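Chemist:
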Amino acid sequence: MTTEFLKGQVAVVTGGSGVLGAALSKALVQAGATVAVLGRNAEKAHQTAEALGGQAFGVQADVLDRSSLEQARKTIHDTTGPLHILVNCAGGNHPSASTSQEQSFFDLGLEGIEQVMNLNVLGTILPCQVFGRDFAAQGRGAIVNISSMASQRPLTRVVGYSAAKAAVENFTRWLAVHFAQEHTPQVRVNAIAPGFFLTEQNRYLLVEPDGAWSPRAQSIVSHTPAGRFGVPDELSSTLLWLLAPESQFITGITVPVDGGFSAFSGV
Numbered sequence: 019m020t021t022e023f024l025k026g027q028v029a030v031v032t033g034g035s036g037v038l039g040a041a042l043s044k045a046l047v048q049a050g051a052t053v054a055v056l057g058r059n060a061e062k063a064h065q066t067a068e069a070l071g072g073q074a075f076g077v078q079a080d081v082l083d084r085s086s087l088e089q090a091r092k093t094i095h096d097t098t099g100p101l102h103i104l105v106n107c108a109g110g111n112h113p114s115a116s117t118s119q120e121q122s123f124f125d126l127g128l129e130g131i132e133q134v135m136n137l138n139v140l141g142t143i144l145p146c147q148v149f150g151r152d153f154a155a156q157g158r159g160a161i162v163n164i165s166s167m168a169s170q171r172p173l174t175r176v177v178g179y180s181a182a183k184a185a186v187e188n189f190t191r192w193l194a195v196h197f198a199q200e201h202t203p204q205v206r207v208n209a210i211a212p213g214f215f216l217t218e219q220n221r222y223l224l225v226e227p228d229g230a231w232s233p234r235a236q237s238i239v240s241h242t243p244a245g246r247f248g249v250p251d252e253l254s255s256t257l258l259w260l261l262a263p264e265s266q267f268i269t270g271i272t273v274p275v276d277g278g279f280s281a282f283s284g285v
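Numbering-wise, the numbering used here puts 41 at position 23 of the sequence shown, and it's gapless, one number per residue.
#1: I'd like to confirm something about V81: is its beta-carbon nearer than 7 Å to some heavy atom of the ligand FAD, or not?
#2: For T142 versus V186, is the C-beta distance shorter than 8 Å?
#3: Quick test of the definition: if touching needs 3 or more C-beta pairs under 8 Å, does the stretch 136-150 touch the stretch 245-256?
#4: Could you please give me the residues that DSSP links to L38 through a beta bridge?
#5: Measure the alpha-carbon distance for R246 versus I268 and round it to whole angstroms.
#6: So what does DSSP say about G248, is it helix, strand or coil?
#7: Which class does G99 belong to by DSSP, given the choice of helix, strand or coil?
#8: Measuring alpha carbon to alpha carbon, tell me which of I131, G229, A211 ends up nearest Q170.
#9: Return the CA-CA distance between I161 and T256, expressed in angstroms with no decimal places.
#10: Quick check on this structure: which residue in H241, L128, G99 has the alpha carbon closest to the alpha carbon of D276?
#11: Straight-line CA distance for L46 to V53?
#12: By Cβ distance, which residues of its chain are closer than 7 Å to L42, with the 5 residues on each side in sequence left out?
#13: Roughly how many whole angstroms lie between the Cα atoms of V195 and A29?
#14: Less than 8 Å between C-beta atoms, sequence neighbours within five positions excluded: which residues of the same chain meet that for E88?
#15: DSSP three-state label for R191, please.
#16: Based on DSSP bridge pairs, tell me the residues matched to I268.
#17: I'd like to know whether the C-beta atoms of V225 and S232 end up nearer to each other than 8 Å.
#18: In this structure, how does DSSP classify G33 when only helix, strand and coil are distinguished?
#19: Can you list, in chain order, the residues of its chain whose CB lies under 7 Å from that of G278, leaving out five sequence neighbours each side?
#20: State the DSSP-derived secondary structure class of V239, mapped to helix, strand or coil.
#21: Look up N163 in the DSSP assignment and say whether it is helix, strand or coil.
#22: Where does A168 land, buried or exposed, given buried means 16+ other C-beta within 10 angstroms?
#23: Between L24 and G50, which are expected to be in contact by the criterion C-beta below 8 Å, what is the C-beta distance as a whole number of angstroms?
#24: To the nearest angstrom, how far is the alpha carbon of T97 from that of A40?
#25: Of the residues Y179, F189, R191, G159, which one's Cα is nearest the Cα of G26?
#26: Which term fits T190, buried or exposed, when burial requires 16 or more other beta carbons within 10 angstroms of its beta carbon?
#27: For the beta strand (DSSP E) containing F75, name the first residue and the last one.
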């Protein structure tokens, strides 16, 4: 794998201004790609792209609004031409879709569950529909969806998010087969399942108001053989491996990056 093996390719990262999205955008820039950092907040997307340097640029888009995504695709085409890579990093959890001592499973509101399901599932499917047209038209491309270990090891309290990420992994497998059979095997679809990384979406579960680790955070670390939370940049090598020319025979899989969490039985 050469240092700038993505030179000449155009990538779009949804949720690119978030903690994990920014790290993955950085990896793509360093590998030579021109990167469109998509974010619902235009200012934040532009700031993230500016900080990345290279050939990164910010684009405003809402992953739950098809017309917004279509406009983003037009903007990218006008700026760089057709796309070659899509990384679906938009997603996250919300307290309204999680149980707690104050909020039992039976009292969870439909609105909160819908919000999390829509953001993670539809927020992955819609970008694949809009940007995936480029891949079908040109006969090559790569999609990497961001799942979560919560999809494979459902987490207590996290109802909506665990179910949503399980759906993302199922969709990843479905879309890999669809592109291979209906278009070309040169369009590959895979996913990465991060273990526990501290983000703005899960901070409320892992950090106490005084800044100390919550009992839940301490339990997570004790069940992670690596003995710590992940660092966003540690997802980069897996992303680049999935995009590398040497990985042309890899499609329809989900790669865990979890410090051994999924391998540990707790005993």
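Quick reminder that beta carbons are idealized off the backbone N, C-alpha and C, glycines included.
Quick caveat: nothing in here was measured; it's all calculated off a predicted structure.
Modeler: Concretely, from the data shown:
#1: Among the components of this structure there are no ligands whatsoever, and the ligand FAD is therefore not found.
#2: The residue labelled residue 142 in the question sits at position 124 within the sequence shown. The residue labelled residue 186 in the question sits at position 168 within the sequence shown. Yes, they are a contact pair.
#3: no
#4: Numbered from 1 along the sequence shown, position 20 holds the residue referred to as residue 38. Beta-bridge pairing links L38 to no other residue.
#5: If you number the sequence shown from 1, residue 246 lands on position 228. If you number the sequence shown from 1, residue 268 lands on position 250. In a straight line, the C-alpha of R246 is about 29 Å away from that of I268.
#6: For the purposes of this step, residue 248 is taken as the residue at position 230 of the sequence shown. G248: strand per DSSP, three-state reduction.
#7: For this step, residue 99 is matched to residue 81 along the sequence shown. Three-state DSSP puts G99 in coil, outside helix and strand.
#8: In the sequence shown, counting from the first residue as 1, residue 170 sits at position 152. When each option's Cα is compared against that of Q170, the closest is A211.
#9: Locating residue 161 in the sequence shown gives position 143, where the first residue counts as 1. Locating residue 256 in the sequence shown gives position 238, where the first residue counts as 1. Straight-line Cα distance between these residues: approximately 13 Å.
#10: Taking the first residue of the sequence shown as 1, we reach residue 276 at position 258. It is H241 whose Cα lies nearest to the Cα of D276.
#11: By 1-based counting over the sequence shown, the position of residue 46 is 28. By 1-based counting over the sequence shown, the position of residue 53 is 35. Going from the Cα of L46 to the Cα of V53 covers about 7 Å.
#12: Counting from one through the sequence shown, the residue named residue 42 turns up at place 24. Result list for L42: V31, V105, C107, L253, S254, L257, in chain order.
#13: Along the sequence shown, read from residue 1 onward, the residue named residue 195 stands at position 177. Along the sequence shown, read from residue 1 onward, the residue named residue 29 stands at position 11. One C-alpha to the other measures close to 22 Å.
#14: In the sequence shown, counting from the first residue as 1, residue 88 sits at position 70. These residues qualify, in order along the chain: V148.
#15: Taking the sequence shown and counting its residues from 1, one reaches residue 191 at position 173. Helix.
#16: For this step, residue 268 is matched to residue 250 along the sequence shown. Beta-bridge pairing links I268 to no other residue.
#17: Position 207 of the sequence shown holds residue 225. Position 214 of the sequence shown holds residue 232. Going by C-beta atoms, V225 is nearer than 8 Å to S232.
#18: For the purposes of this step, residue 33 is taken as the residue at position 15 of the sequence shown. Note: G33 maps to coil in three-state DSSP.
#19: On the sequence shown, position 260 is the one that residue 278 refers to. Closer than 7 Å at the Cβ level, and outside the excluded window around G278, lie T242, P243, A244.
#20: For the purposes of this step, residue 239 is taken as residue 221 along the sequence shown, with counting starting at 1. DSSP places V239 in helix when its eight states are reduced to three.
#21: As a working note, residue 163 is residue 145 in the sequence shown. N163: strand per DSSP, three-state reduction.
#22: Within the sequence shown, numbered from 1, the residue matching residue 168 stands at position 150. With 16 or more Cβ atoms within 10 Å of its Cβ, A168 is classed as buried.
#23: Sequence index remark: in the sequence shown, residue 24 carries index 6 (1-based). Sequence index remark: in the sequence shown, residue 50 carries index 32 (1-based). The Cβ separation is near 5 Å, so the contact holds.
#24: For this step, residue 97 is matched to residue 79 along the sequence shown. For this step, residue 40 is matched to residue 22 along the sequence shown. Straight-line Cα distance between these residues: approximately 20 Å.
#25: Taking the sequence shown and counting its residues from 1, the one referred to as residue 26 is at position 8. Considering only alpha carbons, the answer is G159.
#26: Position 172 of the sequence shown holds residue 190. The residue in question, T190, is buried, as its Cβ has 16 or more Cβ neighbours within 10 Å.
#27: As a position in the sequence shown, residue 75 is number 57, starting the count at 1. F75 -> beta strand (DSSP E) spans 74-78.
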